[in-house]
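To start, the structure under review is shown below, and the notes come after it.
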Amino acid sequence: MGRVNRAREKSILASETRYGLNQSVRVDSGEAHVDFILTIDVGTSSLKAALFDAAMTIVAQSKQEYITNYPKIGWAEQNPDDWTRALIWAVHDILDRTRLPPDAIAGIGIDGMSSLMLPVDSQGKPLCPGLIWLDRRAQEQSDFINRQHGALHLSISGNRSDPSNFGPKAMWLRDCRRNVYDASAVLLHCSSYLVHQLTGVFVMNRSEAGLSQLCDIRTGAYSDELIEVSGLDRGKLPEIAGCSEVVGRVTPAAAVTFGLAAGTPVIAGAMDNVAATTGLGLRNDGDAYVAAGTATNVGVLVDAPPVDGHGLVYHSGIDGKWLVNGSVDYGSAGLLWFRNLLGERDFDKLCAAAAETGFASHPLIFLPYMTGQRAPLWNDALSGVMIGITPGTDRRHLARMFMESTALGARHAFRKLRTERPSAAALTGGITNNLLWTEIFADATGMRLIPSGQTEVGNLGLAILAGIGIGSFRSIDDAFALLPRGELREPNPARSKYYDDLFSIFDIAYESNLHALAQLNQIRENYEVEK
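With positions in the sequence shown counted from 1, the corresponding number in the numbering used here is that position plus 78.
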């Protein structure tokens with residue numbers, strides 16, 4: 079336990095006794111007694127809040143956008159005050175529109191983008207911007223871990239060291255902003271920061287701990303060995319708690335600031351991806367998912383964490399289960415990039431143009447690695463590659479190419495994770511709103527896809543975790559029984575055969591371009607050209 083948390087341990091225990099932590103709050107909503115749960119998803123570009131009823135149905139939701147700053151190549155920062163303002167706005171918006179009193183909220187759950195690092199003082203005041211998951215300034219510190227302690231690190235943490243992760247960023251702060259590091263009392267994630275804003279408690283949820291590079295992947299506890307080799311101060315690390323564990327209550331001061339009721343239970347929360355897979359209902363060993371958003375994430379739930387370094391490994395929201403993950407880091411954003419390049423505003427119009435072409439009418443290959451790649455390719459030198467362009471290629475063919483590349487990239491990621499391609503996977507993300515793209519995903523991956531019946535699966539997963547924490551559900555299975563399901567998408571055999579052939583070329587193109595892309599990246603670095 080970090081030194082700040084020692085001072086709060088007694089107050090947390092007193093809070094549990096005072097408020098009756100194991101009892102679900104019951105609120106009169108006018109016609110019936112209903113439990114409402116407030117969920118807060120702190121994403122890369124926006125904060126999304128949603129209010130759920132006892133049946134896990136969204137009653138109201140609100141979204142507030144904010145910006146990411148890129149002060150240098152490889153740096154990506156956000157202002158924590160933007161998250162606070164977004165949360166205040168979202169809570170007031172939801173309560174104003176539903177006309178519910180603040181004490182109608184029985185519990186609160188918060189998730190956040192993974193691997194953010196934010197130093198704060200003893201009162202929780204930020205000392206600098208938050209370094210988000212896109213920030214890769216800690217390359218030197220990450221390389222040191224891999225070079226000097228790689229085998230030890232992998233055997234304990236289950237993960238490779240990567241500059242995007244929490245630990246190397248904390249090391250960078252120590253090495254390059256020593257005054258800020260020395261002044262900090264605690265190092266937090268963005269979800270931890272908002273939990274503290276609401277409760278006054280410093281805590282890290284167990285799923286975030288997995289990518290901290292400071293924890294034992296098997297136990298979910300801090301590793302003294304990993305902290306020692308990183309050279310970080312153990313006292314600056316917050317306590318680790320289970321995702322559904324109630325860690326505190328909304329303080330009177332926070333109640334005034336955010337418009338909530340004092341005493342409302344707040345759970346530790348989860349990494350965004352863990353919240354999403356909980357909302358998708360991943361329960362058993364081998365259950366797979368595809369989350370096709372800005373980054374297209376793929377992964378499998380497992381009973382035991384591998385330590386082979388191929389994927390990202392961390393605790394799921396279910397005790398005794400882990401997630402093994404990979405991604406196409408620019409994923410579905412490729413089509414958005416193409417839309418912006420064309421100067422078009424209507425995304426649906428571009429998708430409709432892609433639908434005008436047949437699935438094999440103009441075969442093209444695109445390697446969708448425009449921003450480099452984390453797991454499972456682990457190659458910052460990668461960039462996008464188009465193959466097969468002819469004078470007859472037009473915007474329709476290119477739009478379809480970007481759609482297909484996301485699906486082929488997801489298939490490639492599953493294979494590089496060294497896992498058998500699943501026969502079925504839960505599906506979420508923006509592509510679920512587009513029939514053509516969903517069909518392409520099923521055909522190109524060869525998997526039966528089960529879309530979620532709820533678009534905001536991260537918020538839904540948080541509602542489930544919070545419901546377990548406050549006692550609304552007896553078990554995870556009771557909660558999963560309420561999950562909505564979309565229409566099953568089966569791969570078409572003829573189209574799948576075509577995509578099998580296309581994927582073999584995709585694979586060859588990836589391997590044969592590695593050397594050229596590495597040299598091109600070196601030229602960028604030599605001439606300080608931004609990717």
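Ideal Cβ positions, reconstructed from N, Cα and C, are used throughout, including at glycine.
Might you give, ordered along the chain, the residues of its own chain that have their beta carbon closer than 6 Å to the beta carbon of residue i, omitting 5 neighbours on each side?
i, result
"Gly278", "Thr329"
"Ala332", "Leu276"
"Pro529", "Leu505, Thr510, Gly564"
"Ile223", "His231, Ser239"
"Gly389", "Val402, Asn403, Gly404, Ala453, Pro454, Leu495"
"Leu413", "Phe480"
"Asn512", "Cys429"
"Leu194", "Gly208, Ile210, His267, Cys268"
"Asn537", "Thr117, Asp119, Ala128"
Report the rounded CA-to-CA distance for residue i versus residue j, giving the unit in angstroms.
i, j, result
"Arg132", "Met464", "For the record, residue 132 in the displayed sequence is Ala; it is not Arg. Looking at the two C-alpha atoms, the distance is approximately 49 Å."
"Tyr392", "Thr471", "43 Å"
"Val624", "Asn599", "With the chain represented from 79 up to 609, any question about residue 624 goes unanswered, as that position is not in the structure."
"Phe175", "Asp240", "Note that residue 175 is Arg in the sequence shown, not Phe. Going from the Cα of Arg175 to the Cα of Asp240 covers about 43 Å."
"Gly121", "Gln275", "17 Å"
"Asn100", "Gly398", "With a pLDDT of 34 at Asn100, under the threshold of 50, the modelled position of that residue is not reliable, and the figure given next carries that caveat. About 22 Å."
"Ala69", "Gly371", "Residue 69 lies beyond the stretch modelled for the chain, which goes from 79 to 609, so this question has no answer here."
"Arg215", "Gly202", "24 Å"
"Asp213", "Leu560", "38 Å"
"Val324", "Gly187", "9 Å"
"Trp167", "Gln142", "8 Å"
"Arg493", "Arg163", "42 Å"
"Phe416", "Ser124", "22 Å"
"Ala544", "Thr335", "22 Å"
"Arg489", "Ala477", "19 Å"
"Trp400", "Ile295", "9 Å"
"Asn147", "Asn257", "22 Å"
"Val344", "Glu603", "45 Å"
"Val378", "Val402", "5 Å"
"Gly190", "Thr342", "20 Å"
"Asp578", "Tyr367", "20 Å"
"Leu310", "Leu420", "47 Å"
"Ala184", "Thr533", "23 Å"
"Gln217", "Trp250", "9 Å"
"Ala503", "Leu527", "5 Å"
Considering just the uninterrupted stretch of the alpha helix (DSSP H) at residue i, what are its terminal residues?
i, result
"Ala431", "425 to 433"
"Ser439", "Where Ser439 is concerned, there is no enclosing alpha helix (DSSP H), given that its DSSP letter is neither H nor E."
"His475", "473 to 494"
"Phe336", "330 to 336"
"Asn537", "535 to 548"
"Ser308", "302 to 308"
"Ala263", "Note, Ala263: premise wrong, no alpha helix (DSSP H); not H, not E."
"Ile586", "571 to 604"
"Arg175", "158 to 176"
"Val352", "350 to 357"
"Lys247", "244 to 254"
Below 8 Å on the Cβ atoms is my guess for residue i versus residue j; work out the distance and round it to an integer in Å.
i, j, result
"Pro454", "Leu495", "5 Å"
"Gly524", "Pro569", "5 Å"
"Ser290", "Leu205", "Actually they are not in contact, since the Cβ atoms of Ser290 and Leu205 sit about 19 Å apart, beyond 8 Å."
"Val352", "Ser394", "6 Å"
"Tyr588", "Phe437", "Actually they are not in contact, since the Cβ atoms of Tyr588 and Phe437 sit about 21 Å apart, beyond 8 Å."
"Gly466", "Met448", "Not a contact, Cβ separation roughly 18 Å."
Buried or exposed: which applies to residue i, given that a residue is buried once 16 or more other Cβ atoms fall within 10 Å of its Cβ?
i, result
"Leu566", "exposed"
"Ser439", "exposed"
"His593", "exposed"
"Arg423", "exposed"
"His111", "Note that His111 scores 44 on pLDDT, short of 50, meaning its location in the model is unreliable; the coordinates nonetheless yield the value given after this. It is exposed - the Cβ of His111 has fewer than 16 other Cβ atoms within 10 Å."
"Asp556", "exposed"
"Gly359", "buried"
"Gly404", "buried"
"Asp350", "buried"
"Asp119", "buried"
"Ala572", "exposed"
"Gln139", "buried"
Who are the near neighbours of residue i in its chain, counting only those whose CB is closer than 7 Å to its CB and skipping five residues on each side?
i, result
"Glu517", "Arg567"
"Ser220", "Ser239, Asp240, Pro241, Pro246"
"Ala615", "In the structure as shown, the chain starts at 79 and stops at 609, and residue 615 therefore has no counterpart that could be examined."
"Ala596", "Ala459"
Going by DSSP, what residue range makes up the beta strand (DSSP E) through residue i?
i, result
"Leu272", "Note, Leu272: premise wrong, no beta strand (DSSP E); alpha helix (DSSP H) at 268 to 277."
"Asn375", "374 to 380"
"Thr117", "114 to 120"
"Leu445", "443 to 445"
"Tyr408", "Run containing Tyr408: none; DSSP gives neither H nor E here."
"Thr506", "502 to 507"
Taking 9 Å as the CB-CB limit, is residue i close to chain D?
i, result
"Ala319", "In the structure shown, chain D does not exist; there is a single protein chain."
Looking only at its chain, what residues have a beta carbon closer than 8 Å to the beta carbon of residue i, apart from the 5 residues adjacent to it on each side?
i, result
"Asp160", "Tyr144, Ile145"
"Ala431", "Arg473, Arg474, Ala477"
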